[in-house]
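Below: one structure, written as structure tokens.
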Amino acid sequence: SLFWFQKTHLQPQASVYQDKVFILADVGENVSLHCFYEGDDSAWILWYKQTLGQKPRLISTFYVYDTKITFHDEFQNNPRFKLDTENRRNNLNISDLNNNDSGITVKVREAGLKNPALVHQSTDVGQFFQFHCTTVLCMTVQ
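Quick note: UniProt numbering has the sequence shown finishing at residue 142, numbered continuously throughout.
Here it is, written out as structure tokens:
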């Protein structure tokens, strides 16, 4: 299972962070993967799902200066996946975890950034889901 967190920014005052870097959960439980945005810069926050050996699949997109949340593909109209965007949060809430939920990813792409590099870290899942967060400053647009 892979969990990536990527932070890219245009100006130093923008900040995206998580309060928990590691979450362990059992099948059937509910989890909330936290992502917070600080700053006044415009930003898109995108959640991806990636399982080992597969390409990332887009879960949701959210623009911080809008109220519209968009879920994509198999995550669209799936009541197990919800996004909490109140007060600069972008928390992905997943209810009734199952074996297919391992490998959740968050990526932030701010305005003006074309192809931010992805950084990944492998984790050993076993019978638990491990959502492991690596915070990386990938590039700065001058």
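Heads up, the beta-carbon is just placed ideally off N, CA and C, and yes, glycines get one too.
In the three-state scheme derived from DSSP, where H, G and I count as helix and E and B as strand, E38 is classed as strand.
In terms of CA proximity to S42, Y63 leads the group Y63, L83 and S32. Inter-residue distance for N87 and F36 is about 9 Å (C-alpha atoms, whole angstroms).
For Y65, there is no enclosing beta strand (DSSP E), as DSSP marks it with neither H nor E. In the displayed model, R80 falls within coil according to three-state DSSP, outside both helix and strand.
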